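All residue numbers for the sequence shown refer to our numbering, where the first residue is 932 and numbers rise by one.
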Amino acid sequence: MKQTLTAVASTVFALSLSAYAEDMPGMKMDGMEGIQMKQETKQAPVATSDGTIKAIDPTKHTVTISHGAVPAVQWPPMTMAFSVMENQLTGLIVGDRVTFSFSLDGGKATIVSIKK
Ligand SMILES: [Cu+2]
């Protein structure tokens, strides 16, 4: 008897959930999309790290940095490219040790500030 009641209760719950979703067009319930929507409306998180400049690509506006672990965004140490404005790299060359901060927006890392 108790089991039947539980089954009925969960069916009612599932029904009310789908009714709720239909009432809100544009509100996608599947995980990833919801998370990305949230990140776009919020300000991108900013983290700081330090590392060594491995490459500068003025055409793609990227700087490749071999950086240490960044606990703020759960990154292990790695070498990767960051988007950067050319004027932010004034006076910096490949091989420089730098301290930098970056914003992370849906997997795209953009340099906020960078200095030796
Ligand atoms: Cu990285």
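The beta carbon of each residue, even a glycine, is placed where N, CA and C say it ideally should be. Small disclaimer: the values here were computed from a predicted structure and weren't measured.
Check: Whole runs of the beta strand (DSSP E) within the region 972-1003, excluding any shorter than 3 residues; Outcome: 977-988, 993-998
Check: Residue from D1036, W1006, I996, P989 with nearest C-alpha to K1046; Outcome: I996
Check: Proximity of F1013 and T979 at Cβ, strictly below 8 Å; Outcome: no
Check: Reference T990; option with closest CA among V1004, E1017, H998, F1033; Outcome: E1017
Check: Heavy atoms of ligand 1 versus C-beta positions, residues under 6 Å; Outcome: H998, W1006, M1009, M1011
Check: C-beta atoms of G982 and V1029 nearer than 8 Å; Outcome: yes
Check: C-beta contact flag for M1009 and H992 at 8 Å; Outcome: no
Check: Residue interval of the beta strand (DSSP E) (run including D1047); Outcome: Before going further, note that residue 1047 is Lys rather than Asp in the sequence given. Element bounds for K1047: n/a, residue is neither H nor E.
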